[in-house]
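First comes the structure, then the notes that go with it.
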Amino acid sequence: MAFKHCVQVGILGRYADRFTEYQPPRPLRDRLAATSGIDGARGVELVYPPDFEDPAETAALVREFGLEVAAVNLNVKTDPVWRYGSFTNPDPAIRARAVSDLRVSMDLAADLGAGLVTVCPLIDGWDYNFQADYQKQWAWLIDGLREAASHRSDVRVSIEYKAFEARQSIIVPNMATTLHLCDRIGLDNIGVTMDVGHALIAGETPAMSAVMAHDAGRLFYVHFNDNNRAWDWDMVPGAVNLWDMLETLFYLDRLGWDGWFSYDVFTKHGDPVEAFDATIRAMDALGRMLDKLGRAELQDLIDTKSPARATEYLLTTLAR
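Okay, structure coming up:
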């Protein structure tokens with residue numbers, strides 16, 4: 001199984017939590033240069049606005065290092081202006097800024113040949129009961145995303161859901177809610193970024209989530225990472241949930257997915273470039289494991305509906 005590997009170059013920069021800083025900031029040139037040296041990495045996911053202080057220079061750097069842009073990731077969470085929300089902010093001027101930023105991101109994605117913007121509205125939600133007006137928030141989200149995505153039909157807008165963080169409850173917490181949101185917006189260029197780690201913390205089976213999004217014609221982008229289902233730890237795929245990773249790959253392959261695999265993997269200790277290199281090698285190994293297990297054999301296990309037989313087959317085959 002072959003993959004189109006994409007590095008989220010923002011992850012090669014500063015990484016910190018509320019306790020300490022684990023990785024220092026690095027300029028975009030250094031991050032792109034490092035990416036170009038990772039075996040198998042073909043694409044990059046750039047973040048707007050921080051990676052676009054000079055859009056012409058950003059485009060030139062991508063060309064210089066022989067990379068493709070898989071997507072532009074719109075950040076509507078870290079700037080203090082978004083403290084009370086982006087597309088669902090009670091202030092109409094700030095909601096208008098979120099719409100404007102998404103439109104700018106769409107133009108940048110088109111100019112860079114990506115044709116895709118991914119956006120994760122992590123700051124849109126609530127922490128307490130009676131804190132948010134759910135009716136207004138939902139309407140603002142629909143109207144804002146519809147207004148922004150209507151800017152141009154040749155660029156797709158992919159919504160990344162997450163159950164919690166930065167809010168305790170995020171307005172798009174799972175696949176079902178996000179697909180319903182896409183239907184309410186009603187535009188063909190609105191879809192879903194399925195982050196496998198986010199599916200895990202939402203209590204989903206990632207393979208089923210992928211099937212749902214594909215069935216709706218809304219599976220636009222995929223992030224791969226792993227965690228313990230309790231928190232979004234952004235670990236190397238297969239570190240914890242090996243069978244979920246293999247099953248997700250099995251279904252993506254069966255669905256004919258030929259898009260990018262973008263990796264949302266952070267490392268607190270060691271070199272983040274080495275972590276991405278290990279991630280790509282791990283994904284390639286998962287692909288070889290799927291080849292070894294065999295698509296027809298796995299489908300036969302599904303059809304026979306014998307979970308005990310399935311577990312025995314998976315373990316004994318991989319142990320050979």
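So the sequence shown is numbered by full-length UniProt numbering: it starts at 1 and just counts up by one. Ideal Cβ positions, reconstructed from N, Cα and C, are used throughout, including at glycine.
| Asked | Found |
| --- | --- |
| Sub-8 Å separation of Leu141 and Leu102 beta-carbons | no |
| heavy atom of the ligand MN below 7 Å from Asp39 C-beta | Ligands in the displayed structure: none, and consequently the ligand MN is not present. |
| Residues near Ala163 by beta carbon distance below 6 Å, same chain, minus five either side | Pro173, Ile201, Ala202 |
| Residue environment, His269, which counts as buried when at least 16 other CB atoms sit within 10 Å | exposed |
| Segment contact flag, the stretch 217 to 231 with the stretch 255 to 267, C-beta cutoff 8 Å, min 3 pairs | yes |
| Burial state of Ala139 (16 or more Cβ within 10 Å) | exposed |
| Beta-carbon gap between Ala239 and Asp253 smaller than 8 Å | no |
| Bounding residues of the beta strand (DSSP E) (the contiguous stretch that carries Ala71) | 68 to 74 |
| Inter-stretch contact (C-beta, 8 Å, three-pair minimum) for the stretch 268 to 286 and the stretch 301 to 318 | no |
| Between the CA atoms of Asp127 and Ile171 - distance to the nearest angstrom | 11 Å |
| Length of the line joining the Cα atoms of Ala93 and Glu45 | 28 Å |
| For Asp215, three-class secondary structure by DSSP | helix |
| Coil, strand or helix - His223 by DSSP | strand |
| Rounded C-alpha distance that separates Tyr251 from Ala114 | 25 Å |
| Whole runs of the alpha helix (DSSP H) within the stretch 79 to 157, excluding any shorter than 4 residues | 92 to 111, 134 to 149 |
| Sub-8 Å separation of Ser158 and Val104 beta-carbons | no |
| Cβ-Cβ separation, Leu290 to Leu249 (assumed contact under 8 Å), whole Å | 5 Å |
| Unbroken beta strand (DSSP E) run spanning Ile190, endpoints | 190 to 195 |
| For Phe250, the three-state DSSP class (helix, strand or coil) | helix |
| Whole-Å CB distance - Cys182 paired with Val192, under 8 Å assumed | 7 Å |
| Contact set for Gly43: own chain, Cβ-Cβ below 8 Å, skip 5 residues either direction | Lys4, His5, Cys6, Val7, Leu67, Glu68, Val69, Ala70, Trp260, Ser262 |
| CB of Leu28 within 8 Å of CB of Leu61, strictly | yes |
| Assigned exposure category for Leu315 - 16 Cβ within 10 Å defines buried | exposed |
| Arg31 and Glu21 closer than 8 Å at C-beta | no |
| Helix, strand or coil at Leu187 [DSSP, three-state] | coil |
| Neighbourhood of Ala230 by C-beta distance below 8 Å, restricted to the same chain and skipping five residues each side | Ile201 |
| Other residues of its chain near Gly186: CB distance less than 8 Å, five sequence neighbours each side excluded | Arg146 |
| Reduced DSSP category for Ser262 - H, G, I as helix; E, B as strand; rest coil | strand |
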